[in-house]
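By this note's numbering, the letter at position 130 of the sequence shown is numbered 112, and the numbering carries on one by one without gaps. Glycine residues also receive a C-beta, built at the ideal position from the N, C-alpha and C atoms. Remarks on the structure that follows.
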Amino acid sequence: MFSRRSLLSTAALGLVGTAGLSACSSSGPEKLETAPSGHAVQGATLTYDPNHLVNDGEPISLEWWLWDGDAIFGKFAEAYSAIHTNVEISIVKQPWEDYWTKLPLALKDSGNPAIFNIHNSYHANLLPYLEPYGVDLDALKTDYQAVDAHEIDGKVYYVDYGLMSGVIYYNTDMWAAAGLTDADIPTTWDELREVAKKLTIAEGDSFTQAGFNFNGQFSAFTPGMPYQLGQNLFAEDQVTPTFDTAALAEVVARFQSLYDTDRVGSKDFGTAAGDSFGQGQSAMVYSWTHLGGTLAADFPDLKYATFPTPVPDASAEPYALDRYNGESTIGINAGADDAAKAVAQDFLAFFLTSRENLKELCLNYHVFPMYGPLAEDADVMADPQLASLADGLERYIWPGPMPATFETSSTTLWEDVLYNGVDPAEAIATAQATIETDLASLDFTAVEDKYAFYQPSN
């Protein structure tokens, strides 16, 4: 997945930094006369045998662009170049806000980078520049979950290495202080409501401790919770949005009543539930599992655990537990030269079968591995966030590389309801209209119908 350096230099692009990560000499990669030998074949159904010459042993230098995680992604590059010492892999890291401006321009104008990290929210911008994966798709589908959702005309350009969705975080010290035990962990929203009451400390409208806080999480839970009630975000044509529904109205009423009726939290108790939780002000919050990284970095002494997001009825399996989004595997530049693309494809097979590095990647970003051989890994299950996603993993649904309008409209909806006094029905209708307008200018088709339990909504 790497390309030869082009005349479009990193200096001309104004990159933040480039770090060479290879097992080559300081003067660059050198010709490899004989094929590597003695290395174990890695992988399960999809396998990678390292014992072969890459690029006929000729030296080749490639770039891999990313916006985060240069050290952890760099371990893949280091391991690969330690075997194939004629390949030099240089990682180029730059800020998120710059990445999505510079990357499409570079892909359009040059063969660099040959490899780059993908976020599926930029799917439409990147697809014209992506080379299809050359690995065995049947084997890939056996080892990785949800590959079908990424297939386009029989080709795959990236898949998910990890799944992220919502769980409930709870402060274990507050939990114990309220006299709660593991037996009290709620499985339904009604049970969460009662637990939240026990965790709330307030006098009138003045809160010392919110039992449950969802401030600032509006875009996270709002598009996903209607799935629990059997409501998709799109009609059967996978194009028409179905946001204004009875299911969403029920979800909004449920969360609003936690504040207005049960008094377990307040719209005015901080603007960000995650920060409030980290600061020890909120006992429970809904959040996607990226919160684990924030807590580790900013609140390392906080004692917490998680449990799966509750469902409406414990006696009936929900249509889906929540939506999810995937952290994407690497992309290959279709504009790179043939030699670079051949090496890139070889590295791709190495990447997709590197069990230990994939595990470390998932643990670092708090995403559940989509690589099947890691599904029951002890280290994965020891992560509280990931363990909460593991039970019922097949019941999370991916709508596709969803346009941002669903999340921004969800935030506006809640701001209108909580802070501007707008009637929920009116706010939901406005959100539907906004989404329809925004989608009209986009060529977007959902993939809800690729969900294993898909049923069109009533």
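Review point. Going by beta carbon distance, what residues of the same chain come within less than 6 Å of S192, once the five residues before and after it are set aside?
Key: What you label residue 192 is simply residue 210 of the sequence shown in a count that begins at 1. Reading off the sequence, residue 192 comes out as Ala, not Ser. Hits under 6 Å: G247, F251, S264.
Check your understanding: Pairing CB atoms from the stretch 416 to 432 with CB atoms from the stretch 387 to 402, are three or more of them under 8 Å?
Key -> Contact check between the stretch 416 to 432 and the stretch 387 to 402: three or more CB pairs, one atom from each, fall below 8 Å, which counts as touching.
Review point. Is the beta carbon of N315 sitting closer than 8 Å to the one on A96?
Key: Stepping through the sequence shown from its first residue, residue 315 is reached at position 333. Stepping through the sequence shown from its first residue, residue 96 is reached at position 114. Yes, the pair counts as a contact, with Cβ atoms nearer than the cut-off.
Point to revise | Close-in-space but distant-in-sequence residues of the same chain around A411 (CB under 7 Å, 5 per side omitted) | key: Along the sequence shown, read from residue 1 onward, the residue named residue 411 stands at position 429. Taken in chain order, the residues that qualify are D226.
**Study point:** Per-residue DSSP class, three states only, for M352
**Key:** Position 370 of the sequence shown, counting from 1, holds the residue named residue 352. Three-state result, M352: coil.
Review point. What three-state label does DSSP hand G144 in the structure shown?
Key: Here residue 144 refers to the residue found at position 162 of the sequence shown. G144 falls in the strand class under three-state DSSP.
Review point. By Cβ distance, which residues of its chain are closer than 6 Å to A428, with the 5 residues on each side in sequence left out?
Key: The residue you call residue 428 lines up with position 446 of the sequence shown. These residues qualify, in order along the chain: F216, Q220, P381, G382.
Practice item. Could you tell me if S239 is buried or exposed, where buried requires 16 or more neighbouring beta carbons within 10 angstroms of its beta carbon? Key: Locating residue 239 in the sequence shown gives position 257, counting from the first residue. S239 should be labelled exposed.
Review point. Under 8 Å, do T204 and N214 count as touching if we go by C-beta distance?
Key: To locate residue 204, count along the sequence shown from 1; it is residue 222. To locate residue 214, count along the sequence shown from 1; it is residue 232. No.
Exercise for review: Could you say which of L334, L340, D365, C344 lies nearest to T124 if we only look at CA atoms?
Suggested key: Against the sequence shown, residue 124 aligns to sequence position 142. For the options L334, L340, D365, C344, the alpha carbon positioned closest to that of T124 is the one of L334.
Check your understanding: Touch check for the stretch 347 to 358 and the stretch 132 to 147: three-plus C-beta pairs under 8 Å?
Key -> The stretch 347 to 358, when compared against the stretch 132 to 147, does touch it at the 8 Å Cβ threshold.
Review point. From Y140 to V404, what distance separates their C-alpha atoms?
Key: Against the sequence shown, residue 140 aligns to sequence position 158. Against the sequence shown, residue 404 aligns to sequence position 422. Distance between the alpha carbons of Y140 and V404 is about 42 Å.
Review point. Which value, in whole angstroms, describes the spacing of the CA atoms of L371 and F194?
Key: As a working mapping, residue 371 is identified with position 389 in the sequence shown. As a working mapping, residue 194 is identified with position 212 in the sequence shown. Their backbone Cα atoms lie some 20 Å apart in a straight line.
Check your understanding: Would the stretch 68 to 86 and the stretch 94 to 111 be scored as touching if the rule is three or more Cβ pairs under 8 Å?
Key -> Using a C-beta cut-off of 8 Å, the stretch 68 to 86 makes contact with the stretch 94 to 111, since at least three inter-stretch Cβ pairs fall below that distance.
Review point. Excluding five sequence neighbours on each side, which residues of the same chain lie with their C-beta closer than 7 Å to the C-beta of E309?
Key: Your numbering for residue 309 matches position 327 in the sequence shown. These residues qualify, in order along the chain: D142, Y143, G144, M146, Y347, V349.
Check your understanding: Span of the beta strand (DSSP E) holding W270?
Key -> Working through the sequence shown from its first residue, we reach residue 270 at position 288. Counting along the chain, the beta strand (DSSP E) containing W270 begins and ends at 266 to 270.
Check your understanding: Excluding sequence positions up to five away, which residues of its chain have a Cβ less than 8 Å from the Cβ of S7?
Key -> For this step, residue 7 is matched to residue 25 along the sequence shown. Because the pLDDT at S7 is just 44, under 50, the model does not fix this residue reliably, and the value given afterwards should be weighed accordingly. For S7, where only same-chain residues beyond five positions count, there are no Cβ hits under 8 Å.
Check your understanding: At a Cβ threshold of 8 Å, is P292 touching chain D?
Key -> Among the chains in the structure shown there is no chain D, since it carries only a single protein chain.
Practice item. List the whole-angstrom C-beta distance separating A159 from D244, where the pair is believed to meet the contact cut-off of C-beta under 8 Å. Key: Walking along the sequence shown from the start, residue 159 turns up at place 177. Walking along the sequence shown from the start, residue 244 turns up at place 262. Not a contact, Cβ separation roughly 20 Å.
Check your understanding: Helix, strand or coil: how does DSSP classify K137 here?
Key -> For this step, residue 137 is matched to residue 155 along the sequence shown. K137 falls in the strand class under three-state DSSP.
**Study point:** Same chain only: Cβ atoms within 8 Å of A434, ignoring 5 sequence neighbours per side
**Key:** The residue labelled residue 434 in the question sits at position 452 within the sequence shown. These residues qualify, in order along the chain: E376.
Exercise for review: For D365, count neighbouring Cβ atoms within 10 angstroms of its own Cβ and tell me buried if that reaches 16, exposed if not.
Suggested key: Counted from its first residue, the sequence shown places residue 365 at position 383. It counts as buried.
Practice item. Going by CA-CA distance only, name the one from D118, L343, G260, W171 that's closest to D283. Key: Here residue 283 refers to the residue found at position 301 when the sequence shown is read from its first residue. The candidate whose alpha carbon is nearest that of D283 is G260.
Check your understanding: Got a sec? Which residues, its chain only, sit under 6 Å from K57 by beta carbon, not counting five neighbours each side?
Key -> The count along the sequence shown starts at 1 and reaches residue 57 at position 75. The residues are N339.
Point to revise | the stretch 316 to 328 / the stretch 17 to 28 touching (three or more Cβ pairs under 8 Å) | key: The stretch 316 to 328 vs the stretch 17 to 28: no contact.
Check your understanding: What are the boundary residues of the beta strand (DSSP E) that V69 is part of?
Key -> Within the sequence shown, residue 69 is the residue found at index 87, counting from 1. For V69, the uninterrupted beta strand (DSSP E) run begins and ends at 69 to 75, by DSSP.
Check your understanding: Hey, how far is the Cα of L119 from the Cα of Q210?
Key -> As a position in the sequence shown, residue 119 is number 137, starting the count at 1. As a position in the sequence shown, residue 210 is number 228, starting the count at 1. A direct Cα-to-Cα measurement between L119 and Q210 gives close to 31 Å.
Practice item. With DSSP as the reference, label R245 as helix, strand or coil. Key: Reading the sequence shown from its first residue, position 263 is the one you call residue 245. Three-state result, R245: coil.
Exercise for review: With a threshold of 16 other CB atoms inside 10 Å of the CB of N33, please say whether the residue is buried or exposed.
Suggested key: Taking the sequence shown and counting its residues from 1, one reaches residue 33 at position 51. By the neighbour-count rule (16 or more Cβ atoms within 10 Å), N33 is not buried but exposed.
Review point. Would you call the CB atoms of V234 and P406 closer than 8 Å?
Key: In the sequence shown, the residue the question calls residue 234 occupies position 252. In the sequence shown, the residue the question calls residue 406 occupies position 424. Yes, these two residues count as a Cβ contact at 8 Å.
Check your understanding: Helix, strand or coil: which one does DSSP assign to E430?
Key -> Within the sequence shown, residue 430 is the residue found at index 448, counting from 1. Correct three-state label for E430: helix.
Exercise for review: With a 10 Å radius around its C-beta and 16 neighbouring C-beta atoms as the bar for buried, classify G10 as buried or exposed.
Suggested key: Taking the first residue of the sequence shown as position 1, residue 10 is located at position 28. G10 is classed as exposed because its beta carbon has fewer than 16 other beta carbons within 10 Å across all chains shown.
**Study point:** Continuous alpha helix (DSSP H) assignments of at least 4 residues falling wholly in the stretch 367 to 414
**Key:** Listed in chain order, they are 387 to 401.
Review point. So what's E309 in DSSP terms, helix, strand or just coil?
Key: Indexing the sequence shown from 1 puts residue 309 at position 327. Of the three classes helix, strand and coil, the one that applies to E309 here is strand, per DSSP.
**Study point:** Three-state class that DSSP yields for T16 in the structure shown
**Key:** Within the sequence shown, residue 16 is the residue found at index 34, counting from 1. Three-state DSSP puts T16 in coil, outside helix and strand.
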